[in-house]
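K.L.:
Counting in this note's numbering, the sequence shown runs from -12 upward without gaps.
Can you read through this structure? Questions will come right after.
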Amino acid sequence: MTLTWLGRVALYVAFVGAVGGVVNQLVALRTRRRSRSIWWASVALAGIAGAIGVMQYALITHNFSLAYVAENNATFTPLLYSITGMWSALEGSLLLWALLLGAVTLGVIYYYRSDAADAVVGWATAVLFGVGAFFTFLMMGPADPFVHNPATVLQGAGPNALLQDNPLVAMHPPLLYAGFVGFTVPFAFAIAMLVTGRVQDRWPLEQRRWTVLAWGALSVGIVLGAWWSYQVLGWGGFWGWDPVENAALLPWLTATAYIHSVIVQDRRGLFRVWNLSLAIATFALTVLGTFFTRSGVLQSVHAFSSSTLGPLLIGFFFANVTLGVVLLAWRGDRLRSPVGVDHPLSREGLFVANNVLFVGFAIVVLLGTVFPLLYEAVNGGQVTVGTPYFASVAAPLSVALLALMTLAPLVSWRTVDAKVLWGRLRVTAWAALVVVVALVAFGVRRPAVLVAVFLAVGAAGAALRTLRGVFVSARRRGSWRSAIRAPSTGGMVVHLGIVILALGIVCSTSYASRAEVTLARGQSTVVAGQYVSFGGFRQVTSPLLSATQLLVTVDHHALRPAITTFNGRSGQTVGTPAIDSSLARDVYVTFDAVGGNGATSGAQVQGNLPAGSVVLGVTVEPLLAWLWIGGLVIGLGSLASFFRRRYADEVGA
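See the structure below:
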């Protein structure tokens, strides 16, 4: 009971800190006195940190007096997966969410401490405290992580098998949550700008900085999630348009649109309504995604089990949407732009096209995700929306976006001069054409690949040309640091990362070769130019698991695909793929079946095969590693964008 009370007291402290922060901030706004928001934010963060300390102590010491620990930990769980067990289920994941939100709130308050008297900062701080109070409240009732376990538990159930089979569990969820939580900042400032009526100040560009940071964390989190799925699930793919995957993609799409369109507001005073709407919609979609993953309404390998949070989360979603719509309608007269888009092919015109594509695709993904729920509610039956629906939109969208990435950095604001544009584009266009001709000469014939490569080279050329201009200017001024902190540097690095990622996706999916091969001990075969041989079985046992591994070599590289049974949770059995990865190609091997009488536990048995033989799934995917490299480059570019010069410096630059 001691841990239960310690954890709950820490949550009460966090809740008091968040609610006290709201009250303190509102009083300060009304009386125009100095607020003590840093103190209240520190109290809230300390409370959440204390609650997490209690939970981590219980997990690491395998203290099963907490029901959460008994259900998601075991005496044989390794230290890493004991630590990550905190976000392996619903209640603990909310602790991580609240910790990140508390840290972001304190960071924003400290960052804008010199602007503490500004009403926009005051209202935004109040909103941040309010969101923190809501998520802390969830853990004080319907999602209490510190429920006492009255039963005597000697071993514990342990985490889900898929959550203790790969160290990416330590990185993917925290980064995903950091992205979701980070979008609270532009939402809070959007509400603050609407409440105060100061929609034409510097704050939209300031909030682009925080949005880029959250967007970068979410981008890397999504890529790591794809990598995790690729390494663990055994199907050889990295994105299946799963409903929970879509829930992470939705705010990413609207945030991408916001990051681009707010530049136009800064330069031309356009898109005020649009940008505030995007900031509000992005946060609302994170709440909706939380509803999808934590209410049990969607069936997904990524989703948590059913809970009572559904009505609270969907109510919070609609409350935020309603608040945003009411404030936008109230301030409509102040949001009108005095100018318009002068030419559809000017830079602002291309930004409009960019926004239409991203928001349009977000609507398509949202409809495909919620349609099964709506169909079941209306007709009582079940229906699924699969990959063909999403891919039919994603493919042409990707082509259009690569084209925009090629043109947008090179065109001028307000007008279009064809000669100037061609002068800027000429070298890149010829280089892209030469690359395509070379690929055709080497036997590449697929139109989709050739188009993607042509546009990717064009987009990379536009980004490199912009970066070259930044660094040339910095060299003339004798300050390389100014080049790294220039406003366009981080964005162009992100563009390069997207180009790398896109080429990895296109090449790996277009030229993937999949085969099932049956081999007896000592036999070999060739799959897509890769020499595969089977050397026999090996049994592996430990306190955590027991596994039947296959001794496989791929071009003299040893691989160990397996069927693994994890102790706890009624002995969950999963396939464990093995991957031989290089910059040129991945060879992905799975243990699909075994011949004989089925003595090998967990494997599919095919009695028509000789005893001792196995069926291997072998997938060869060229250039797939560049997808993960592209995600890393995107993350680095996002960091560079966050640490660029502040608004005041840019105005004076």
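All residues carry an ideal CB built from backbone N, CA and C; glycine is no exception.
#1: Let me make sure I understand the geometry here. Which of R254, L272 and L77 has the alpha-carbon closest to that of A234?
#2: What residues in its chain sit with their C-beta under 6 angstroms from that of V210, if we drop five residues either side in the sequence?
#3: Please state whether the Cβ-Cβ distance between V436 and F338 is less than 9 angstroms.
#4: Skipping 5 residues on each side, what residues in its chain have a beta carbon closer than 7 angstroms to that of D636?
#5: Look at the alpha carbon of A268 and the alpha carbon of L532, and state the distance between them as a whole number of angstroms.
#6: Keeping to the same chain, check which residues put their C-beta closer than 6 angstroms to that of Y670; ignore five residues upstream and five downstream.
#7: Restricting to runs no shorter than 4 residues, where is the alpha helix (DSSP H) found entirely within the stretch 153 to 214?
#8: What are the start and end residues of the beta strand (DSSP E) that includes P609?
#9: Quick check: the Cα distance between D253 and G478, rounded to an integer number of angstroms?
#10: Look at the alpha carbon of L240 and the alpha carbon of A349, and state the distance between them as a whole number of angstroms.
#11: For S600, which residues from the same chain have a beta carbon less than 7 angstroms from its beta carbon, with the 5 sequence-adjacent residues on both sides left out?
#12: Using a Cβ distance threshold of 8 angstroms, determine whether the stretch 38 to 53 contacts the stretch 132 to 149, with at least three qualifying pairs required.
#13: What residue from V3, L(-2), R20 and A76 has the CA that sits closest to A38's CA?
#14: Below 8 angstroms, how does it come out for the stretch 301 to 321 and the stretch 149 to 157: are there three or more Cβ pairs, yes or no?
#15: Is it right to say S529 is buried, meaning 16 or more other beta carbons lie within 10 angstroms of its own, or is it exposed?
#16: Could you name each continuous alpha helix (DSSP H) segment of 4 residues or more that falls completely within the stretch -4 to 60, going from the start of the chain to the end?
#17: What's the gap between the Cα of E58 and the Cα of L394?
#18: Are there 16 or more other CB atoms within 10 angstroms of the CB of L93, so buried, or fewer, so exposed?
#19: Short check: CB of V440 to CB of L451, under 9 angstroms?
#20: Just mark A571 as buried or exposed, buried being the case when its beta carbon has 16 or more other beta carbons within 10 Å.
#21: Closest to T18 by C-alpha separation, out of G7, G109, G79 and A1, would be which residue?
#22: Answer yes if the stretch 81 to 95 comes into contact with the stretch 118 to 128, meaning at least three C-beta pairs across the two stretches below 8 angstroms, and no otherwise.
#23: Using beta-carbon positions only, say whether V659 and Q510 come within less than 9 angstroms of one another.
#24: Given this structure, state the Cα-to-Cα distance separating G373 from V493, to the nearest angstrom.
#25: Quick one: using the 10 Å Cβ neighbour count with 16 as the cut-off for buried, is N342 buried or exposed?
#26: In whole angstroms, what is the alpha-carbon distance linking Q187 and T453?
#27: Going by Cα to Cα distance, which pick from L236, M42 and R321 is closest to G184?
#28: Near I301, what residues of its chain come up, given a Cβ to Cβ distance below 6 angstroms and the 5 sequence neighbours on each side ignored?
#29: List the DSSP bridge partners of V513.
#30: Please classify Q218 as buried or exposed, where buried requires at least 16 other C-beta atoms within 10 Å of its C-beta.
#31: What would DSSP say about H135, mapped onto helix, strand or coil?
#32: Can you tell me the Cβ-Cβ gap for G(-6) and P132, rounded? I've got them flagged as a contact below 8 angstroms.
#33: With DSSP as the reference, identify every bridge partner of F524, one or two as the case may be.
#34: Between F521 and A502, what straight-line distance do the alpha-carbon atoms span, to the nearest angstrom?
#35: Using three-state DSSP, classify V403 as helix, strand or coil.
#36: Am I right that G523 and L538 are in contact with their C-beta atoms under 8 angstroms? What's the rounded C-beta distance?
P.N.:
Once the coordinates are examined:
#1: Translated into the one-based positions of the sequence shown, residue 234 becomes position 247. Among R254, L272 and L77, the Cα nearest to that of A234 is on L272.
#2: For the purposes of this step, residue 210 is identified with residue 223 of the sequence shown, where counting begins at 1. Contacts found: G618.
#3: One-based indexing of the sequence shown puts residue 436 at position 449. One-based indexing of the sequence shown puts residue 338 at position 351. For V436 and F338, no; Cβs fall outside 9 angstroms.
#4: Here residue 636 refers to the residue found at position 649 of the sequence shown. Any reading at D636 needs caution, since the residue's pLDDT is 41, under 50, leaving its predicted position unreliable; the model's value is listed next. Nothing listed; no residue qualifies.
#5: If you number the sequence shown from 1, residue 268 lands on position 281. If you number the sequence shown from 1, residue 532 lands on position 545. Those two C-alpha atoms are separated by around 44 angstroms.
#6: Because the chain is modelled from -12 through 640, residue 670 falls outside the range shown and cannot be assessed.
#7: Along the stretch 153 to 214, the alpha helix (DSSP H) occurs as fully enclosed runs of 4 or more residues at 159 to 169 and 171 to 183, listed in sequence order.
#8: Residue numbering aside, residue 609 sits at position 622 when the sequence shown is read from its first letter. Per DSSP, P609 belongs to the beta strand (DSSP E) from V601 to P609.
#9: Numbered from 1 along the sequence shown, position 266 holds the residue referred to as residue 253. Numbered from 1 along the sequence shown, position 491 holds the residue referred to as residue 478. Cα to Cα, D253 sits roughly 16 angstroms from G478.
#10: As a position in the sequence shown, residue 240 is number 253, starting the count at 1. As a position in the sequence shown, residue 349 is number 362, starting the count at 1. Near 6 angstroms, if we compare the C-alpha coordinates of A349 and L240.
#11: Residue mapping note: residue 600 aligns to position 613 of the sequence shown, counting from 1. Cβ neighbours of S600 beyond the five flanking positions: T505, L506, A507 and G582.
#12: The count of Cβ pairs closer than 8 angstroms, one atom from the stretch 38 to 53 and one from the stretch 132 to 149, reaches three, so the stretches are in contact.
#13: On the sequence shown, position 51 is the one that residue 38 refers to. If we check each option's Cα against that of A38, L(-2) comes out closest.
#14: Judged by Cβ distances under 8 angstroms, the stretch 301 to 321 makes no contact with the stretch 149 to 157, as fewer than three pairs qualify.
#15: Here residue 529 is taken as the residue at index 542 of the sequence shown, counted from 1. With fewer than 16 Cβ atoms within 10 Å of its Cβ, S529 is classed as exposed.
#16: Those alpha helix (DSSP H) runs which fall completely within the stretch -4 to 60 and span 4+ residues are 24 to 47 and 54 to 59.
#17: By one-based count along the sequence shown, residue 58 stands at place 71. By one-based count along the sequence shown, residue 394 stands at place 407. Each residue's Cα considered, the two are about 54 angstroms apart.
#18: Here residue 93 refers to the residue found at position 106 when the sequence shown is read from its first residue. The residue in question, L93, is buried, as its Cβ has 16 or more Cβ neighbours within 10 Å.
#19: Along the sequence shown, read from residue 1 onward, the residue named residue 440 stands at position 453. Along the sequence shown, read from residue 1 onward, the residue named residue 451 stands at position 464. Contact flag unset, no.
#20: In the sequence shown, counting from the first residue as 1, residue 571 sits at position 584. It counts as exposed.
#21: Stepping through the sequence shown from its first residue, residue 18 is reached at position 31. Comparing Cα positions, the closest option is G109.
#22: The answer is yes - the stretch 81 to 95 touches the stretch 118 to 128, with three or more Cβ pairs under 8 angstroms.
#23: With the chain running from -12 to 640 in the structure shown, residue 659 is simply not present.
#24: The count along the sequence shown starts at 1 and reaches residue 373 at position 386. The count along the sequence shown starts at 1 and reaches residue 493 at position 506. When rounded, the separation of the alpha-carbon atoms in G373 and V493 is 20 angstroms.
#25: Position 355 of the sequence shown, counted from the start, is the residue given in the question as residue 342. Counting Cβ neighbours within 10 Å, N342 comes out buried, since at least 16 surround it.
#26: Here residue 187 refers to the residue found at position 200 of the sequence shown. Here residue 453 refers to the residue found at position 466 of the sequence shown. Each residue's Cα considered, the two are about 28 angstroms apart.
#27: Position 197 of the sequence shown, counted from the start, is the residue given in the question as residue 184. Out of L236, M42 and R321, R321 has the C-alpha closest to the C-alpha of G184.
#28: Residue 301 sits at position 314 when you count from the first residue of the sequence shown. Once the five neighbours on either side are set aside, the close Cβ partners of I301 are F278.
#29: Mapped onto the sequence shown, residue 513 falls at position 526. Looking at the DSSP assignment, V513 forms a beta bridge with Y518.
#30: Taking the sequence shown and counting its residues from 1, one reaches residue 218 at position 231. Counting C-beta atoms within 10 angstroms of its own C-beta, Q218 has 16 or more neighbours from the protein chains shown and is therefore classed as buried.
#31: Residue mapping note: residue 135 aligns to position 148 of the sequence shown, counting from 1. Strand.
#32: What you label residue -6 is simply residue 7 of the sequence shown in a count that begins at 1. What you label residue 132 is simply residue 145 of the sequence shown in a count that begins at 1. Your pair G(-6) and P132 checks out as a contact, with CB atoms roughly 7 angstroms apart and the cut at 8 angstroms.
#33: Taking the sequence shown and counting its residues from 1, the one referred to as residue 524 is at position 537. F524 is bridged to L537.
#34: Along the sequence shown, one-based indexing puts residue 521 at 534. Along the sequence shown, one-based indexing puts residue 502 at 515. C-alpha separation (whole angstroms): 15 angstroms.
#35: Position 416 of the sequence shown, counting from 1, holds the residue named residue 403. Correct three-state label for V403: coil.
#36: To locate residue 523, count along the sequence shown from 1; it is residue 536. To locate residue 538, count along the sequence shown from 1; it is residue 551. Right, the Cβ-Cβ distance comes to about 5 angstroms (below 8 angstroms), so this counts as a contact.
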